[in-house]
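Below is one structure; the comments refer to it alone.
Residue numbers (this note's numbering), protein chains in the order written: chain P, 542 to 655; chain F, 234 to 347.
Here it is as structure tokens:
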């Protein structure tokens with residue numbers, strides 16, 4: 542069965558530190574891959590997405606993600622975290638055979654200390 | 234351009250009742266998806282509608298149903314409510330394809346079942 546795994550439920554970092562959030566997927570072929578962010582009391586916002594081409598994808602708010610086919614991973618990174626980045630982050634995938642059904646991981650809650 | 238609007242924002246119901254949630258997509262968007270968000274489960278896909286037709290369906294019981302109108306507005310209905318239906322219900326819209334176009338989320342309807 543197709544699945545998305547975010548191994549880290551909760552991550553705490555200091556402001557200014559680097560960040561990496563992990564995402565692994567289980568699909569038969571390269572799917573569409575997404576990262577969304579949900580700030581408290583708000584809906585989800587798309588940070589970036591990947592389907593093909595350069596495996597390093599740049600997104601909004603200084604985030605980037607790298608697709609690694611050999612590891613079935615699509616990890617989200619940011620070189621220097623700001624306090625405003627505290628939120629919940631969701632990885633999601635859609636199969637290239639059905640691009641209209643998005644499957645989400647369970648999310649990683651990011652806490653940022655000053 | 235107005236964003237995705239969900240009404241009501243909050244609902245309190247009792248077990249056995251039914252509830253209808255509404256979603257108005259961004260003008261011009263024809264695809265509307267619904268998700269259930271609960272702590273620990275993340276976002277679970279309910280269904281997706283395109284041009285008044287259900288195009289995709291998640292693994293939820295038949296108590297969960299939806300529809301889409303000719304103006305792309307969508308409603309979802311939950312009958313015979315159970316305590317476990319307490320959740321944040323999110324609606325999202327995209328132009329045509331969920332994965333190929335950007336999907337925009339509403340702020341959600343928080344349903345509490347007592």
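Beta carbons are placed, not taken as given, at the ideal position from N, Cα and C, and that holds for glycine.
Owing to the predicted nature of the structure, the values given are computational and were not obtained by experimental measurement.
Between which two residues does the beta strand (DSSP E) holding residue i run?
i: residue 632(P); result: 628–636
i: residue 342(F); result: 342–346
i: residue 267(F); result: 264–271
i: residue 256(F); result: 252–257
i: residue 605(P); result: 605–609
i: residue 284(F); result: Counting along the chain, residue 284(F) falls outside any beta strand (DSSP E), and DSSP gives it neither H nor E.
i: residue 654(P); result: 649–654
i: residue 551(P); result: 551–555
Beta-carbon of residue i versus every beta-carbon of chain P: anything under 8 angstroms?
i: residue 335(F); result: yes
i: residue 289(F); result: yes
i: residue 301(F); result: no
i: residue 328(F); result: no
i: residue 261(F); result: no
i: residue 338(F); result: yes
i: residue 265(F); result: no
i: residue 332(F); result: yes
Taking only beta-carbon atoms, is residue i less than 8 angstroms away from chain F?
i: residue 594(P); result: no
i: residue 648(P); result: yes
i: residue 602(P); result: no
i: residue 641(P); result: yes
i: residue 552(P); result: no
i: residue 635(P); result: yes
i: residue 608(P); result: no
Determine the direct distance from the alpha carbon of residue j to that of residue i, and round the result to whole angstroms.
i: residue 633(P); j: residue 310(F); result: 25 angstroms
i: residue 318(F); j: residue 253(F); result: 13 angstroms
i: residue 297(F); j: residue 235(F); result: 27 angstroms
i: residue 559(P); j: residue 566(P); result: 23 angstroms
i: residue 557(P); j: residue 626(P); result: 11 angstroms
i: residue 251(F); j: residue 346(F); result: 10 angstroms
i: residue 572(P); j: residue 546(P); result: 14 angstroms
i: residue 329(F); j: residue 638(P); result: 15 angstroms
i: residue 652(P); j: residue 264(F); result: 33 angstroms
i: residue 332(F); j: residue 574(P); result: 9 angstroms
i: residue 243(F); j: residue 272(F); result: 17 angstroms
Determine, using beta carbons only, whether residue i and residue j come nearer to each other than 8 angstroms.
i: residue 336(F); j: residue 587(P); result: yes
i: residue 628(P); j: residue 555(P); result: no
i: residue 256(F); j: residue 288(F); result: no
i: residue 248(F); j: residue 314(F); result: yes
i: residue 291(F); j: residue 647(P); result: no
- Using Cβ-Cβ distances below 8 angstroms, what residues of the region 615–632 of chain P are close to chain F? Hits within the stretch, in order: 631.
- Message: Please identify, using Cβ separations under 9 angstroms, the residues of the region 303–322 of chain F that lie next to chain P, in order along the chain.
- Response: Listed in sequence order: no entries.
- Task: Anything in the region 567–589 of chain P with a Cβ closer than 7 angstroms to a Cβ of chain F? List those residues in chain order, please.
- Result: Cβ contacts with chain F come from 573, 583, 584, 585, 587.
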